[in-house]
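Visitor: This is the structure I want to talk about, given as structure tokens.
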Amino acid sequence: MHSLLIIHNSMAEIDIEERSASSPDSVLRSCGYLVKIATTSKEALSMIRDADASILQCPITEINTWGILLMQQKIAPIIWWCTHETANLSVAACDDNIMVDGVLSPSMLAQEIHWTLHFSAKQCFERQQWLKEREQLLSRIEERKWIDMAKGILSKVKNISESEAYDLLRKQAMNERKRMVDVATSIVKVYQLLQDQT
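The numbers in our numbering rise by one with no breaks, and the one at position 75 of the sequence shown is 155.
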């Protein structure tokens, strides 16, 4: 990880003297990272393509808003720059599913920053894998619901067992060269349409 995008929130402004000593850009540059700075969403979206990670210098309540915006453009670690200015809210402000892969602070040593960025990249990858798996599982559950409804309709209409209805559904899908869920969805929708008309 070499190039970092730092996003300064206007609400997290600090005075010039303090900013020069403890700002994320000066700390990270001193550790050897290439740093770009954005203060608006438009700037951030144009710069994120070239960045390996985003460092958010904003209140914790704004992390998810920035995270969603940035992840739509590029999947890269999101790290929170934690200082007394950005962490001035109570712990209750931090919800359970905050979109952050790591936390940095101005008091960290260069070695700690390097390891935090390394583990943040790993965390980001694992979070993306988990989200993909979750999406696939939800999709399978939804497909299963359609197939179960179609089995119920076929067993009721044709007066057959659910296993026979499943075999019938599978054969129909093979004959039409469609996925079972597509055939099941068609059966359920046609059945519901007919029920509405009667």
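Idealized CB from N, CA, C, for every residue including glycine.
1. Rounded to whole angstroms, what is the Cα-Cα separation between E115 and K122?
2. By the 10 Å Cβ neighbour count, where 16 or more other Cβ atoms means buried, how is D95 classified, buried or exposed?
3. For G182, which three-state DSSP category applies?
4. What do you get for L197, buried or exposed, if any count of 16 or more other CB atoms within 10 angstroms of its CB means buried?
5. Step through the CB atoms of chain C and report whether any lies within less than 8 Å of the CB of S187.
6. Do the CB positions of Y113 and L84 come within less than 8 Å of each other?
7. For A245, which three-state DSSP category applies?
8. Which same chain residues end up closer than 8 Å to I143 when comparing Cβ atoms and leaving out the 5 residues on each side of it in sequence?
9. Whose C-beta lies closer than 6 Å to the C-beta of Y271 among residues of the same chain, with five residues either side of it excluded?
10. Would you kindly work out how many angstroms separate the C-alpha atoms of L149 and D132, rounded to a whole number?
11. Identify the residues that DSSP records as bridge partners of L85: which are they?
12. Which residue or residues does DSSP assign as beta-bridge partners of I128?
13. Whether or not the segment 215-232 and the segment 179-193 are in contact is what I'm after, with contact meaning three or more pairs of Cβ atoms, one per stretch, closer than 8 Å; do they touch?
14. Within 10 Å of its beta-carbon, does A190 have 16 or more other beta-carbons around it, so buried, or fewer, so exposed?
15. Starting from the Cα of S185, find the closest Cα among A201, T166, Q203, F199 and give me that residue.
Guide: The structure says:
1. According to the sequence displayed, residue 115 carries Val and not Glu. Going by the C-alpha atoms only, they are around 17 Å apart.
2. With a pLDDT of 45 at D95, under the threshold of 50, the predicted position of this residue should be treated as unreliable, though the coordinate-derived value follows. When all chains shown are included, D95 counts as exposed.
3. Residue state, collapsed to three classes: strand.
4. Per the 10 Å Cβ criterion, buried.
5. Within the model displayed, chain C is absent; a lone protein chain is all it includes.
6. Cβ distance < 8 Å, so Y113 and L84 count as in contact.
7. helix
8. So the list reads L136, I158, W160, I178, M179, V180, once near-sequence residues are dropped.
9. Closer than 6 Å at the Cβ level, and outside the excluded window around Y271, lie I233.
10. 16 Å
11. K116, S134
12. Bridge partners of I128: none, in fact.
13. Result no; under three Cβ-Cβ pairs closer than 8 Å.
14. By the 10 Å Cβ count, A190 comes out exposed.
15. T166
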